[in-house]
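First comes the structure, then the notes that go with it.
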Amino acid sequence: MGIFSRKAVDVSRLRLDQAWADAELDQAYAAVRAGDLSTGMALLKATPVNTGLRSVRVMGLGQAAVGHSGQLELRLEALPGDPDLLQWLGQTLVFEAWEGRSGSRAKYVSEQQFASFHGILGTAGAVLNHAIDAAPDDAAPWEVMQWVTVGLQSSMEFKDEVFRSAVARHPDSYAAHSGRVQVLAPKWSGLELAELVYFGQQVVTNAPPGSVLCAVAAQVINEVWVDVLGDSELSRLQRGARFTREVSNRRDELLAARDKWWAPGRERQPEDISAHGAMAFALKAVGAKAAAMEHAALTTGRIESLPWGYTNDPDPLTAFATAVAHQMS
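Quick note: the sequence shown uses full-length UniProt numbering, first residue 1, plus one each step.
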């Protein structure tokens, strides 16, 4: 069969950036997309602070409200200082800012995009600061603030403070640790890759068996993968050697982290779907095809742009579906 006889992969049953197993959030997401913000507000108010469930719901409702931030601002005028509304608006603005910028490297982003990006993120940061003042014990605003610090290229001292503040309130926050991976990633920070790798190893070491935090190891591998494949200073042969050294040779380390997380009898956690997507991508990267397929199935077709948008495929859903069709080869 020639290349033109290939069938396109089917993505009709996949969902993008809705990585959760939460029927209430599904209902609220659909309602918010249709313009009904009250359903989302009620769900957020019913969700306890400093839980993985709140982190996932803040993220999901923020995704749903992209394009509706103006409506949230109008509500805030009627309910000034409402911590849940401030949190929701802050997260929504962060998503709107990054959507307008795109996740591309700086050289591919126009000056106009940067100006808009920084302006929206600046507003998001101010809103999140108000959320912090309104609910000082809630980790969620600090979790989201990490994405503001990345986009605005804040000092590492401030980034460290934001992360410490999040985990002081919610020590096992998957959202906080996921954000920290991006803060430390060389593509945004300019730091040595070793700092990110060390962070991931420490998280896995300190995480109890069954904790979704063990999946941070997958996120780190995915960022190493991006860094290696984007290393334009190396020849193809040198890049291949670096890939073997820094990605393929971490297979056993990644599988050990996976086994520590995905242990028999563990309690299900709200972030599991997201973690399965990251783990599937990382296991594919290190050549653990069967394990990658296992975790791909456990996503239940709910795929996130990060990391599945890292490939050269047209979009994250196509990347995932193609990988599954090829048995993660």
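Beta carbons are placed, not taken as given, at the ideal position from N, Cα and C, and that holds for glycine.
query, result
"Cβ-based burial, Tyr198 [other Cβ within 10 Å; buried from 16]", "exposed"
"Cβ separation of Leu213 and Asp172, assumed to be a contact under 8 Å, to the nearest whole Å", "6 Å"
"For Leu196 and Gln181, believed in contact at Cβ under 8 Å, the rounded distance", "Per the sequence presented here, residue 181 reads as Val, with Gln not at that position. Right, the Cβ-Cβ distance comes to about 7 Å (below 8 Å), so this counts as a contact."
"For Asp252 and Asp22, the rounded distance between their alpha carbons", "32 Å"
"Straight-line gap, Tyr268 to Gln112 (C-alpha atoms, nearest Å)", "The question names Tyr, yet the displayed sequence has Arg at residue 268. If I take the Cα positions, the gap works out to 44 Å."
"DSSP state of Arg251 mapped onto helix, strand, coil", "helix"
"Counterpart residues of Leu16 in DSSP-defined beta bridges", "Ile303"
"Nearest residue (CA-CA) to Ala19, options His276, Gly190, Arg54", "His276"
"Length of the line joining the Cα atoms of Val56 and Pro270", "7 Å"
"CB-CB length for Ala282 against Ala218, believed under 8 Å", "4 Å"
"Option nearest Ala325 by Cα separation, candidates Pro307, Met293, Gly179, Pro314", "Met293"
"Straight-line Cα distance separating Ala139 from Ala280", "28 Å"
"Trp33 - containing alpha helix (DSSP H), residue span", "Per the sequence presented here, residue 33 reads as Arg, with Trp not at that position. Per DSSP, Arg33 belongs to the alpha helix (DSSP H) from 23-33."
"Local Cβ density within 10 Å of Gln63, reported as buried at 16 or more and exposed below that", "buried"
"At least 3 beta-carbon pairs within less than 8 Å: the region 110-130 vs the region 81-89", "yes"
"Pick from Gly301, Trp147, Asp82 that is closest to Leu121, judged by C-alpha positions", "Trp147"
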